[in-house]
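The sequence shown maps to residues 37 to 338 in this note's numbering.
Note that beta-carbon positions come from the ideal geometry of N, C-alpha and C, so glycine has one too.
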Amino acid sequence: MIKIVNINNIDTEKINVNTLNIDRAPTIEVLKMINNEDKNVAFAVEKELDKVAEAVEIIYEKMLNGGRLIYCGCGTSGRLGVLDAAECPPTFGTDPELVKAIIAGGDAAFVKAIEGAEDNMALGESDLINLNFSANDVLVGIAASGRTPYVIGALNYAKKIGAKTVSLTCCPNSQISQLADVNIAPSPGAEVITGSTRLKSGTAQKLVLNMLSTTVMIKLGKVYGNLMVDVKATNQKLVSRTVSIVKEATDVTQEEAERVLKECDYSAKTAIVMILCNCSKEDAERKLQVAKGRIYGVINSR
37 MIKIVNINNI DTEKINVNTL NIDRAPTIEV LKMINNEDKN VAFAVEKELD KVAEAVEIIY
97 EKMLNGGRLI YCGCGTSGRL GVLDAAECPP TFGTDPELVK AIIAGGDAAF VKAIEGAEDN
157 MALGESDLIN LNFSANDVLV GIAASGRTPY VIGALNYAKK IGAKTVSLTC CPNSQISQLA
217 DVNIAPSPGA EVITGSTRLK SGTAQKLVLN MLSTTVMIKL GKVYGNLMVD VKATNQKLVS
277 RTVSIVKEAT DVTQEEAERV LKECDYSAKT AIVMILCNCS KEDAERKLQV AKGRIYGVIN
337 SR
(Lines of atoms letter the chains of each structure in order from A and count residues from 1; the text may use other names and numbers.)
(Lines give C-alpha, C1' and ligand atoms only; values in the text may rest on other atoms or scores of the structure.)
Protein backbone atom coordinates (compact mmCIF):
# COMPACT_ATOMS: atom_id res chain seq x y z
CA MET A 1 0.00 0.00 0.00
CA ILE A 2 1.25 3.47 -0.92
CA LYS A 3 1.69 5.71 2.11
CA ILE A 4 -0.30 8.95 2.04
CA VAL A 5 1.72 12.03 2.99
CA ASN A 6 0.60 15.54 3.78
CA ILE A 7 1.52 17.82 0.89
CA ASN A 8 -0.69 20.77 1.81
CA ASN A 9 2.23 22.73 3.24
CA ILE A 10 4.47 22.24 0.19
CA ASP A 11 4.88 25.38 -1.93
CA THR A 12 4.78 23.50 -5.23
CA GLU A 13 1.36 22.05 -4.33
CA LYS A 14 -0.36 25.37 -3.66
CA ILE A 15 -3.29 26.63 -5.73
CA ASN A 16 -2.47 29.36 -8.25
CA VAL A 17 -5.23 31.97 -8.00
CA ASN A 18 -4.23 33.43 -11.37
CA THR A 19 -5.20 30.31 -13.30
CA LEU A 20 -8.39 29.12 -11.62
CA ASN A 21 -10.38 29.39 -14.86
CA ILE A 22 -7.69 28.04 -17.19
CA ASP A 23 -9.87 25.09 -18.19
CA ARG A 24 -12.52 27.46 -19.59
CA ALA A 25 -10.27 30.06 -21.19
CA PRO A 26 -9.72 30.48 -24.95
CA THR A 27 -6.46 29.10 -26.30
CA ILE A 28 -4.69 32.46 -26.45
CA GLU A 29 -5.69 33.24 -22.86
CA VAL A 30 -4.33 29.88 -21.69
CA LEU A 31 -1.05 30.69 -23.39
CA LYS A 32 -0.94 34.15 -21.84
CA MET A 33 -1.51 32.67 -18.38
CA ILE A 34 1.34 30.20 -18.85
CA ASN A 35 3.63 32.88 -20.29
CA ASN A 36 2.87 35.34 -17.50
CA GLU A 37 3.66 32.73 -14.86
CA ASP A 38 6.88 31.76 -16.64
CA LYS A 39 8.04 35.37 -16.37
CA ASN A 40 8.47 34.83 -12.63
CA VAL A 41 11.02 32.06 -13.05
CA ALA A 42 14.14 34.01 -13.99
CA PHE A 43 13.57 36.48 -11.16
CA ALA A 44 13.20 33.61 -8.69
CA VAL A 45 16.52 32.15 -9.88
CA GLU A 46 18.18 35.56 -9.68
CA LYS A 47 17.55 35.66 -5.93
CA GLU A 48 19.57 32.46 -5.55
CA LEU A 49 22.69 33.47 -7.48
CA ASP A 50 24.87 33.73 -4.37
CA LYS A 51 24.01 30.14 -3.50
CA VAL A 52 24.59 29.01 -7.08
CA ALA A 53 28.02 30.67 -6.99
CA GLU A 54 28.85 28.87 -3.75
CA ALA A 55 27.93 25.54 -5.34
CA VAL A 56 29.99 26.31 -8.45
CA GLU A 57 33.10 26.98 -6.38
CA ILE A 58 32.70 23.69 -4.52
CA ILE A 59 32.22 21.69 -7.72
CA TYR A 60 35.14 23.44 -9.43
CA GLU A 61 37.55 22.78 -6.56
CA LYS A 62 36.55 19.12 -6.40
CA MET A 63 36.97 18.68 -10.17
CA LEU A 64 40.45 20.21 -10.00
CA ASN A 65 41.30 17.37 -7.62
CA GLY A 66 39.78 14.58 -9.70
CA GLY A 67 36.24 14.73 -8.33
CA ARG A 68 32.98 14.45 -10.22
CA LEU A 69 29.63 16.19 -10.32
CA ILE A 70 26.75 13.80 -9.69
CA TYR A 71 23.09 14.75 -10.11
CA CYS A 72 20.32 12.84 -8.35
CA GLY A 73 16.57 13.17 -8.80
CA CYS A 74 13.21 11.65 -9.62
CA GLY A 75 10.68 12.28 -12.38
CA THR A 76 11.12 15.65 -14.07
CA SER A 77 13.89 16.64 -11.65
CA GLY A 78 15.82 13.46 -12.40
CA ARG A 79 15.35 13.81 -16.15
CA LEU A 80 16.70 17.36 -16.05
CA GLY A 81 19.80 16.08 -14.27
CA VAL A 82 20.26 13.33 -16.86
CA LEU A 83 19.83 15.86 -19.67
CA ASP A 84 22.41 18.29 -18.27
CA ALA A 85 24.94 15.51 -17.66
CA ALA A 86 24.44 14.07 -21.14
CA GLU A 87 25.10 17.41 -22.81
CA CYS A 88 28.46 18.08 -21.14
CA PRO A 89 30.63 15.71 -23.27
CA PRO A 90 29.53 17.02 -26.70
CA THR A 91 29.46 20.66 -25.59
CA PHE A 92 32.62 20.80 -23.49
CA GLY A 93 34.57 17.72 -24.55
CA THR A 94 34.44 16.24 -21.06
CA ASP A 95 34.91 12.62 -20.13
CA PRO A 96 31.43 11.05 -19.83
CA GLU A 97 32.29 10.10 -16.25
CA LEU A 98 32.94 13.68 -15.11
CA VAL A 99 29.29 14.71 -14.89
CA LYS A 100 26.86 11.86 -14.19
CA ALA A 101 23.24 11.57 -13.16
CA ILE A 102 21.19 8.97 -11.33
CA ILE A 103 17.42 8.88 -11.58
CA ALA A 104 14.99 6.87 -9.47
CA GLY A 105 14.10 3.78 -11.47
CA GLY A 106 17.25 3.81 -13.60
CA ASP A 107 17.70 4.74 -17.23
CA ALA A 108 14.24 3.48 -18.18
CA ALA A 109 12.70 6.17 -15.95
CA PHE A 110 13.91 8.84 -18.35
CA VAL A 111 11.14 8.00 -20.80
CA LYS A 112 8.64 6.17 -18.59
CA ALA A 113 7.64 6.67 -14.96
CA ILE A 114 8.80 3.85 -12.69
CA GLU A 115 6.10 3.68 -10.04
CA GLY A 116 7.27 3.78 -6.44
CA ALA A 117 10.97 4.26 -7.20
CA GLU A 118 11.06 7.81 -5.86
CA ASP A 119 9.68 6.64 -2.51
CA ASN A 120 12.61 4.26 -1.95
CA MET A 121 15.19 5.95 0.27
CA ALA A 122 17.54 2.96 0.22
CA LEU A 123 17.59 3.04 -3.59
CA GLY A 124 19.14 6.51 -3.56
CA GLU A 125 22.01 5.22 -1.47
CA SER A 126 22.53 2.03 -3.46
CA ASP A 127 22.53 3.89 -6.79
CA LEU A 128 25.33 6.12 -5.51
CA ILE A 129 27.28 3.12 -4.28
CA ASN A 130 26.92 1.48 -7.71
CA LEU A 131 28.34 4.68 -9.21
CA ASN A 132 31.40 4.40 -6.91
CA PHE A 133 30.47 7.75 -5.39
CA SER A 134 33.24 9.02 -3.12
CA ALA A 135 34.03 11.85 -0.74
CA ASN A 136 35.85 13.58 -3.58
CA ASP A 137 32.63 13.90 -5.61
CA VAL A 138 29.84 16.46 -5.25
CA LEU A 139 26.19 15.43 -5.11
CA VAL A 140 23.44 17.75 -6.33
CA GLY A 141 20.10 16.47 -5.10
CA ILE A 142 17.23 17.77 -7.25
CA ALA A 143 13.64 17.69 -5.97
CA ALA A 144 11.05 20.37 -6.68
CA SER A 145 9.11 19.53 -3.53
CA GLY A 146 12.25 19.09 -1.46
CA ARG A 147 10.95 15.92 0.20
CA THR A 148 11.56 13.02 -2.20
CA PRO A 149 12.79 9.95 -0.24
CA TYR A 150 15.08 8.73 -3.06
CA VAL A 151 16.97 12.04 -3.04
CA ILE A 152 17.01 12.17 0.76
CA GLY A 153 18.57 8.69 0.83
CA ALA A 154 21.27 9.77 -1.61
CA LEU A 155 22.03 12.97 0.32
CA ASN A 156 22.23 11.08 3.60
CA TYR A 157 24.73 8.65 2.11
CA ALA A 158 26.82 11.45 0.59
CA LYS A 159 27.00 13.22 3.95
CA LYS A 160 27.82 9.95 5.72
CA ILE A 161 30.95 9.45 3.62
CA GLY A 162 32.00 13.10 3.88
CA ALA A 163 31.12 14.33 0.38
CA LYS A 164 29.96 17.87 -0.35
CA THR A 165 26.27 18.20 -1.13
CA VAL A 166 23.99 20.69 -2.87
CA SER A 167 20.21 20.71 -2.85
CA LEU A 168 18.14 22.16 -5.69
CA THR A 169 14.49 22.62 -4.79
CA CYS A 170 11.64 25.06 -5.34
CA CYS A 171 10.54 24.88 -1.71
CA PRO A 172 12.71 26.90 0.68
CA ASN A 173 13.37 25.28 4.08
CA SER A 174 12.49 21.84 2.71
CA GLN A 175 13.78 18.51 3.98
CA ILE A 176 16.58 18.21 1.44
CA SER A 177 17.69 21.79 2.01
CA GLN A 178 18.35 20.91 5.65
CA LEU A 179 20.61 18.06 4.58
CA ALA A 180 22.80 19.86 2.05
CA ASP A 181 25.89 22.01 2.48
CA VAL A 182 24.49 24.48 -0.04
CA ASN A 183 20.76 24.97 -0.59
CA ILE A 184 19.57 26.50 -3.87
CA ALA A 185 15.84 27.16 -3.68
CA PRO A 186 14.29 29.37 -6.36
CA SER A 187 10.62 29.87 -5.56
CA PRO A 188 8.68 30.75 -8.74
CA GLY A 189 5.29 30.34 -7.05
CA ALA A 190 2.34 28.00 -7.46
CA GLU A 191 2.16 26.11 -10.73
CA VAL A 192 -0.24 26.92 -13.56
CA ILE A 193 -1.65 23.43 -13.08
CA THR A 194 -1.57 22.65 -9.37
CA GLY A 195 1.36 20.41 -8.48
CA SER A 196 2.65 20.05 -12.05
CA THR A 197 6.29 20.75 -11.31
CA ARG A 198 7.33 20.03 -14.89
CA LEU A 199 6.26 23.63 -15.50
CA LYS A 200 7.74 26.60 -13.58
CA SER A 201 9.65 24.47 -11.09
CA GLY A 202 11.19 22.40 -13.87
CA THR A 203 12.14 25.53 -15.77
CA ALA A 204 13.77 27.03 -12.67
CA GLN A 205 15.73 23.84 -12.05
CA LYS A 206 16.90 23.71 -15.67
CA LEU A 207 18.13 27.30 -15.46
CA VAL A 208 20.13 26.52 -12.32
CA LEU A 209 21.59 23.32 -13.79
CA ASN A 210 22.62 25.28 -16.89
CA MET A 211 24.42 27.74 -14.63
CA LEU A 212 26.15 25.09 -12.54
CA SER A 213 27.63 23.02 -15.35
CA THR A 214 28.34 25.92 -17.73
CA THR A 215 30.07 28.09 -15.15
CA VAL A 216 32.20 25.21 -13.89
CA MET A 217 33.25 24.40 -17.46
CA ILE A 218 34.11 28.04 -18.13
CA LYS A 219 36.32 28.04 -15.02
CA LEU A 220 37.97 24.83 -16.25
CA GLY A 221 39.01 26.53 -19.49
CA LYS A 222 36.43 24.87 -21.73
CA VAL A 223 35.44 28.26 -23.16
CA TYR A 224 37.57 30.91 -24.90
CA GLY A 225 35.81 34.26 -24.93
CA ASN A 226 32.31 32.88 -25.30
CA LEU A 227 33.28 30.13 -27.74
CA MET A 228 32.89 26.43 -26.85
CA VAL A 229 36.41 25.51 -27.88
CA ASP A 230 36.25 21.94 -26.57
CA VAL A 231 33.19 21.03 -28.64
CA LYS A 232 33.35 17.57 -30.20
CA ALA A 233 32.96 17.69 -34.00
CA THR A 234 30.89 14.51 -34.23
CA ASN A 235 28.47 15.48 -37.01
CA GLN A 236 28.23 17.85 -39.98
CA LYS A 237 26.70 20.67 -37.97
CA LEU A 238 29.36 20.45 -35.27
CA VAL A 239 32.16 20.29 -37.84
CA SER A 240 30.82 23.53 -39.34
CA ARG A 241 30.53 25.05 -35.87
CA THR A 242 34.12 24.08 -35.11
CA VAL A 243 35.32 25.80 -38.28
CA SER A 244 33.34 28.92 -37.32
CA ILE A 245 34.82 28.90 -33.83
CA VAL A 246 38.38 28.79 -35.17
CA LYS A 247 37.64 31.56 -37.68
CA GLU A 248 36.10 33.77 -34.98
CA ALA A 249 38.95 33.21 -32.53
CA THR A 250 41.80 33.73 -34.98
CA ASP A 251 40.38 35.85 -37.83
CA VAL A 252 41.63 33.43 -40.49
CA THR A 253 39.84 32.39 -43.67
CA GLN A 254 37.49 29.44 -43.93
CA GLU A 255 40.09 27.55 -45.94
CA GLU A 256 42.85 28.16 -43.41
CA ALA A 257 40.63 27.14 -40.50
CA GLU A 258 39.67 23.91 -42.26
CA ARG A 259 43.29 23.16 -43.16
CA VAL A 260 44.58 23.55 -39.61
CA LEU A 261 41.65 21.65 -38.12
CA LYS A 262 42.38 18.67 -40.36
CA GLU A 263 45.94 18.65 -38.99
CA CYS A 264 44.72 18.36 -35.39
CA ASP A 265 41.73 16.01 -35.74
CA TYR A 266 39.25 18.89 -35.56
CA SER A 267 40.23 20.05 -32.10
CA ALA A 268 39.17 23.71 -32.10
CA LYS A 269 41.30 24.49 -29.05
CA THR A 270 44.44 23.00 -30.56
CA ALA A 271 43.83 24.68 -33.91
CA ILE A 272 43.40 28.09 -32.28
CA VAL A 273 46.71 27.78 -30.43
CA MET A 274 48.46 26.51 -33.58
CA ILE A 275 47.32 29.59 -35.46
CA LEU A 276 47.78 32.20 -32.75
CA CYS A 277 51.20 30.87 -31.74
CA ASN A 278 52.27 29.79 -35.24
CA CYS A 279 53.26 26.38 -33.95
CA SER A 280 52.82 22.70 -34.71
CA LYS A 281 50.06 20.47 -33.38
CA GLU A 282 52.51 18.89 -30.93
CA ASP A 283 53.69 22.25 -29.62
CA ALA A 284 50.10 23.50 -29.29
CA GLU A 285 49.10 20.43 -27.28
CA ARG A 286 52.14 20.85 -25.03
CA LYS A 287 51.39 24.52 -24.45
CA LEU A 288 47.78 23.72 -23.59
CA GLN A 289 48.84 21.01 -21.17
CA VAL A 290 51.14 23.45 -19.35
CA ALA A 291 48.34 26.04 -19.26
CA LYS A 292 45.87 23.44 -17.93
CA GLY A 293 43.80 23.66 -21.10
CA ARG A 294 43.28 27.43 -20.98
CA ILE A 295 43.91 29.25 -24.25
CA TYR A 296 44.34 32.57 -22.42
CA GLY A 297 47.06 30.95 -20.34
CA VAL A 298 48.93 29.98 -23.49
CA ILE A 299 48.60 33.43 -25.04
CA ASN A 300 49.61 35.28 -21.90
CA SER A 301 52.73 33.14 -21.51
CA ARG A 302 54.14 34.11 -24.91
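I'd like the list of long-range same chain contacts for GLU161, defined as Cβ closer than 6 Å, with 5 residues on each side in sequence excluded.
Taking the sequence shown and counting its residues from 1, one reaches residue 161 at position 125. Cβ within range, chain order: GLY189, TYR193.
Inter-stretch contact (C-beta, 8 Å, three-pair minimum) for the segment 139–152 and the segment 194–206
no
Would you please state the rounded distance, in angstroms, between the beta carbons of LYS236 and ASN76? I believe it to be under 8 Å.
Locating residue 236 in the sequence shown gives position 200, counting from the first residue. Locating residue 76 in the sequence shown gives position 40, counting from the first residue. Indeed, because the Cβ distance is near 7 Å, the residues count as touching under 8 Å.
Per DSSP, what kind of secondary structure is ALA137 in: helix, strand or coil?
Against the sequence shown, residue 137 aligns to sequence position 101. Strand.
If contact is defined by three or more beta carbon pairs under 8 Å, each pair taking one atom from either stretch, is the segment 169–180 in contact with the segment 198–208?
yes
DSSP three-state assignment for VAL309, whether helix, strand or coil:
To locate residue 309, count along the sequence shown from 1; it is residue 273. Looking at VAL309 - three-state DSSP - the assignment turns out to be helix.
Do ILE51 and ALA226 have their C-beta atoms within less than 8 Å of each other?
Residue numbering aside, residue 51 sits at position 15 when the sequence shown is read from its first letter. Residue numbering aside, residue 226 sits at position 190 when the sequence shown is read from its first letter. Yes, they are a contact pair.
In the DSSP assignment, find the unbroken alpha helix (DSSP H) run with CYS108 in it and report its ends.
Along the sequence shown, read from residue 1 onward, the residue named residue 108 stands at position 72. It is not in any alpha helix (DSSP H) - CYS108 instead sits in the beta strand (DSSP E) that spans 105–109.
Is the distance from the Cβ of ALA276 to the Cβ of ASP120 below 8 Å?
As a working mapping, residue 276 is identified with position 240 in the sequence shown. As a working mapping, residue 120 is identified with position 84 in the sequence shown. First, the residue type needs correcting, since residue 276 is Ser and not Ala in the sequence shown. No, Cβ-Cβ distance for SER276 and ASP120 is not below 8 Å.
Could you check where the alpha helix (DSSP H) with LEU297 kicks off and where it finishes?
Counting from 1 along the sequence shown, the entry for residue 297 is found at position 261. LEU297 -> alpha helix (DSSP H) spans 290–299.
Which residue from LEU100, ILE138, ASN101 puts its Cα closest to that of SER113?
Locating residue 113 in the sequence shown gives position 77, counting from the first residue. Nearest of LEU100, ILE138, ASN101 to SER113, Cα basis: ILE138.
The alpha helix (DSSP H) spanning ASN219 covers which residue range?
The sequence position of residue 219 within the sequence shown is 183, counting from 1. First-last for ASN219: 218–220, but that is the beta strand (DSSP E), not the alpha helix (DSSP H).
Tell me the DSSP bridge mates of LEU263?
Residue 263 sits at position 227 when you count from the first residue of the sequence shown. Bridge partners of LEU263: TYR260.
Identify whether VAL326 lies in helix, strand or coil by the three-state DSSP scheme.
The residue labelled residue 326 in the question sits at position 290 within the sequence shown. Here VAL326 sits in helix by DSSP.
Starting from the C-beta of PRO185, find all residues in its chain whose C-beta is less than 8 Å away, skip the five residues before and the five after it, and write them out in chain order.
Along the sequence shown, one-based indexing puts residue 185 at 149. Once the five neighbours on either side are set aside, the close Cβ partners of PRO185 are GLU154, ASP155, ASN156, MET157, GLY160.
Out of curiosity, what's the CA-to-CA distance linking LEU105 and MET253?
One-based indexing of the sequence shown puts residue 105 at position 69. One-based indexing of the sequence shown puts residue 253 at position 217. LEU105 and MET253: Cα-Cα distance of roughly 11 Å.
Would you list the one or two residues that DSSP bridges to GLY177?
In the sequence shown, residue 177 corresponds to position 141, counting from 1. For GLY177, which the question treats as bridged, DSSP gives the partners CYS108, SER203.
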